[in-house]
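**Student:**
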Amino acid sequence: MYAPANRYHGLDGTQMGLIATLTGASYDTVRAAHKADLAAWSREQQLRDHPDLAVLDADLDRIRHRI
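Every letter in the sequence shown is one number past the one before it in full-length UniProt numbering, and letter 11, counting from 1, is 11.
1) For L47 versus D57, is the C-beta spacing smaller than 8 Å?
2) Can you tell which of L22, A5, M16, Y8 has its C-alpha closest to the C-alpha of A33?
3) Would DSSP call L53 helix, strand or coil?
4) If you measure between the beta carbons of L38 and R64, is that distance less than 8 Å?
5) With respect to the alpha helix (DSSP H) encompassing A20, which residues constitute its N-terminal and C-terminal limits?
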């Protein structure tokens, strides 16, 4: 319900408080999840806009998991 809207319009304190109440999470946990979602979504958009980066991304993931 909130994910698509928060990516374009953000979440205000009231919305974060409501999500925290409904999920039993803390306000800080909701804020951290929101930031993480925005970062992941931003990366997905970059890969969609520049498909050549998908190969590089896969290589970097493979290297990261080996370390």
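Don't be surprised by glycine CBs; every beta carbon is placed ideally from N, CA and C.
**Tutor:** Inspection of the coordinates gives the following:
1) yes
2) M16
3) helix
4) no
5) 13-23
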